[in-house]
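Structure, as structure tokens:
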Amino acid sequence: HARIPGLKAPLVAMGFSETGIDFDSRDGLPARLIFLILTPSGDNASQIEILADIARTFHLPPMVEKTLRVESLNELRALVKSEEHETDTKKVS
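Here is the structure:
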């Protein structure tokens, strides 16, 4: 993630790696989902919120596996929306 002077709004890109990339993760496993997060230089709140949203959504291995199987942006959006709904439902229960 990076803060960019002159950037008007946050940008997030997501990439996939079949074999994984070693990022010295806590669990020792290679990262298979890679996120690039760019935010305006003065917008600390957005950067923290985006990082928290990503962590909440993709912290469990089953969600990562489902994400790696999507074949389109629309499928990814539907999967994330479904996960958000499921998380919201659990909070209410």
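Numbering-wise (this note's numbering), the sequence shown opens with residue 60 and increments by one.
Each residue gets a CB set at the ideal place from its N, CA and C atoms; glycine is no exception.
Owing to the predicted nature of the structure, the values given are computational and were not obtained by experimental measurement.
How about residue i and residue j: are their beta carbons less than 7 Å apart?
i, j, result
"residue 98", "residue 69", "yes"
"residue 79", "residue 62", "no"
Just the Cα atoms here: how many angstroms apart are residue i and residue j?
i, j, result
"residue 127", "residue 93", "11 Å"
"residue 73", "residue 101", "23 Å"
"residue 81", "residue 75", "13 Å"
"residue 143", "residue 66", "28 Å"
"residue 198", "residue 115", "Given that the chain is displayed from residue 60 to residue 152, the structure contains no residue 198 and the question cannot be resolved."
"residue 104", "residue 111", "11 Å"
Compute the beta-carbon to beta-carbon distance between residue i and residue j, rounded to the nearest angstrom, for a pair I have assumed lies under 8 Å.
i, j, result
"residue 106", "residue 113", "Actually they do not touch by this definition, with Cβ atoms about 11 Å apart."
"residue 129", "residue 119", "Not quite, the Cβ-Cβ distance comes to about 16 Å (not below 8 Å), so this is no contact."
Return helix, strand or coil for residue i, following the three-state DSSP convention.
i, result
"residue 95", "strand"
"residue 85", "coil"
"residue 71", "strand"
"residue 76", "strand"
Along the chain, which unbroken stretches of the alpha helix (DSSP H) at least 4 residues long are found entirely within the region 114-142?
Within the region 114-142, the runs of alpha helix (DSSP H) that reach at least 4 residues and sit entirely inside it are, in chain order, 120-128.
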